[in-house]
Amino acid sequence: MTDTAALKRRVREAIDDNDEAILSLAASVHSEPELGYKETETTRKVAAEFRELGLDVETELAVTGARARAGSDGSSDEDAGAADEADDEFVFALLGELDALVNPGHPAADPETGACHACGHEAQLANLVGAAYGLVASGVVDDLPGAVEFIAVPAEEYLDLEYRRGLLDDGEIEFFGGKQELIRRGYFEDVDCAAMIHAASETPEREVTSDFSSNGFVGKTVQYDGRESHAGGAPEEGVNALNAAMAGMNAVNANRETFPDEEHVRVHPIVTKGGDGVNVVPADVRMESYVRAKSVDAIEDANETTNRALESGAMAVGSNVTIEDFPGYLPLRTDETLVAAFDANAREVIGEDAVHGEHQHVTGSTDMGDVSQIVPAVHPWTGGFEGAAHSTEFGAADEEMAYLLPAKVTASMVVDVLADPEKRAAIREAKAGKRSTESYLEIVREMRNTREGNYMDA
Ligand SMILES: [Zn+2]
Numbered sequence: 001m002t003d004t005a006a007l008k009r010r011v012r013e014a015i016d017d018n019d020e021a022i023l024s025l026a027a028s029v030h031s032e033p034e035l036g037y038k039e040t041e042t043t044r045k046v047a048a049e050f051r052e053l054g055l056d057v058e059t060e061l062a063v064t065g066a067r068a069r070a071g072s073d074g075s076s077d078e079d080a081g082a083a084d085e086a087d088d089e090f091v092f093a094l095l096g097e098l099d100a101l102v103n104p105g106h107p108a109a110d111p112e113t114g115a116c117h118a119c120g121h122e123a124q125l126a127n128l129v130g131a132a133y134g135l136v137a138s139g140v141v142d143d144l145p146g147a148v149e150f151i152a153v154p155a156e157e158y159l160d161l162e163y164r165r166g167l168l169d170d171g172e173i174e175f176f177g178g179k180q181e182l183i184r185r186g187y188f189e190d191v192d193c194a195a196m197i198h199a200a201s202e203t204p205e206r207e208v209t210s211d212f213s214s215n216g217f218v219g220k221t222v223q224y225d226g227r228e229s230h231a232g233g234a235p236e237e238g239v240n241a242l243n244a245a246m247a248g249m250n251a252v253n254a255n256r257e258t259f260p261d262e263e264h265v266r267v268h269p270i271v272t273k274g275g276d277g278v279n280v281v282p283a284d285v286r287m288e289s290y291v292r293a294k295s296v297d298a299i300e301d302a303n304e305t306t307n308r309a310l311e312s313g314a315m316a317v318g319s320n321v322t323i324e325d326f327p328g329y330l331p332l333r334t335d336e337t338l339v340a341a342f343d344a345n346a347r348e349v350i351g352e353d354a355v356h357g358e359h360q361h362v363t364g365s366t367d368m369g370d371v372s373q374i375v376p377a378v379h380p381w382t383g384g385f386e387g388a389a390h391s392t393e394f395g396a397a398d399e400e401m402a403y404l405l406p407a408k409v410t411a412s413m414v415v416d417v418l419a420d421p422e423k424r425a426a427i428r429e430a431k432a433g434k435r436s437t438e439s440y441l442e443i444v445r446e447m448r449n450t451r452e453g454n455y456m457d458a
């Protein structure tokens, strides 16, 4: 029998022994925020920590990003039956997101780009590197069957899209989400399960929430093309693209009551360009939207309804419309074995009352959802942060909770899973029920669509 309690003690001690390195990484990342697919300095900092631990590091996974693997020998006496083939090794991936978001009003925002860590991603990297210190510096990873893959992933926040479209047009990426891009590039091909933590919004308390699901979404840009004319002198000569957009948006609203309650559909369009000059009939009006829902089928249904409604505005006014859909993120489904292992260790490390709440569904989205469609995954929210996520007030309120305790919980969960053939078997069974990478790619690629409605002069 493996003495997991002793292994977990060693893991947690190694994190305590390296707490200064972990905290200073969090501070350094927080003070130098970088947006998705631009995280070169952040990647360098994380890669330096992996190298410090003696690991071989691969960088530029998808423009940016870094990965390292530890403990790959895969053999242990009591486990010979399960792991006698080298390629049957169990691989546990731990993830942390490198990117910041834009909120120029945040006190730690970059004065030039407005980028800031108002989503606490620096805590994810502290967790990733902290778990690496725990498992590798202690030597524990070599006493366990299987391997741990540490991955610092690019570009979770779905923004700065013009830049990403440039990368797409240049053939540098196919997907806006970093994990989607890593899946496409095969980085999860031999991974059995994956875990990351995420800072919880408005939760300074020492608590974690790991049992939940989330919405997925498709993203879209909409362009209504009309005809300019003098707004006062000759509106009858024009085709008002803004009126087409308003009619389209009202038609979207007219459909809201048809979205099934249990699918948690969210459609939230914005107008990004409403016209050029007030005395000219608007001829170029742009919108963006997400269509979110709990299941892939519901996203597809609600998206079809939304596109039909948006097109109806062009028909009503006699303009043209181009709707471009982009793959968003797929719904998150958490794995019960991983949830139980995370929660049990949260109770041990943080306290009996640390685990918060019943299973819940949240209506935001993350590209960890995409990962969870192909491998069993867990994505707990962890406390220690005050202020609402993405707001100017958001920041760490309790450094030990924000940056150190989750690493102890995460590394302990890895020990429990790798040391326990039953947990590994349950996870492998869950993985067998997941989508293949190919079927995943088919779904997200089918989300990419262009729909045109040409009603001008028709
Ligand atoms: Zn985030």
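So for the sequence shown, the UniProt record's numbering puts the first residue at 1; every next one is plus one. Where is the CB? At the ideal position from N, CA and C, for every residue including glycine. The structure presented is a predicted model; accordingly, all values stated were derived computationally and were not measured.
Taking 7 Å as the cut-off, one finds at least one heavy atom of ligand 1 near enough to the beta carbon of C119.
In the structure shown, F217 adopts extended strand secondary structure according to DSSP, grouped into three states. Following the DSSP letters along the chain, one finds Y290 inside the beta strand (DSSP E) bounded by residues 284-293.
Fewer than three beta-carbon pairs drawn from the region 367-378 and the region 395-406 are found closer than 8 Å, and the two stretches are therefore not classed as touching. Assignment of P421 by DSSP, reduced to helix, strand and coil, places it in the helix class. A residue is called buried when at least 16 other Cβ atoms come within 10 angstroms of its Cβ; P260 does not meet this threshold and is exposed.
Here the alpha carbons of K38 and M196 stand approximately 21 Å from one another.
Exposed is the label assigned to S24, since fewer than 16 other Cβ atoms lie within 10 Å of its Cβ. Around the beta carbon of Q360, a 10 Å sphere encloses fewer than 16 other beta carbons of the protein chains shown; the residue is thus reported as exposed.
Out of G171, S391, F90, the CA that lies nearest to the CA of A100 is found in S391. Cβ-Cβ distances below 6 Å link E205 to G383 in the same chain, with the five nearest sequence neighbours on each side left out; the list follows chain order.
Within the same chain, Cβ atoms closer than 6 Å to the Cβ of Q223 are found at R286, T322, the five residues on either side in sequence being excluded. Restricting attention to H356, R69, H379, G146, the CA atom closest to the CA of T203 is found in H356. In this structure, V415 sits away from F188, with a CB-CB distance that is not shorter than 8 Å. Relative to W381, the option among D19, A48, L53, N127 whose CA is nearest is N127. DSSP lists A152 as the beta-bridge partner residues of G96. Taking all protein chains shown into account, V129 has 16 or more neighbouring C-beta atoms within 10 Å of its C-beta and is therefore buried. 8 Å or more divides the Cβ of V267 from the Cβ of P235. Linking A458 to N449 through their CA atoms gives a straight-line distance of about 23 Å. Taking 8 Å as the cut-off, the beta carbon of I173 is found closer than this to the beta carbon of E181.
A251 is positioned such that its CB atom lies no closer than 8 Å to that of G226.
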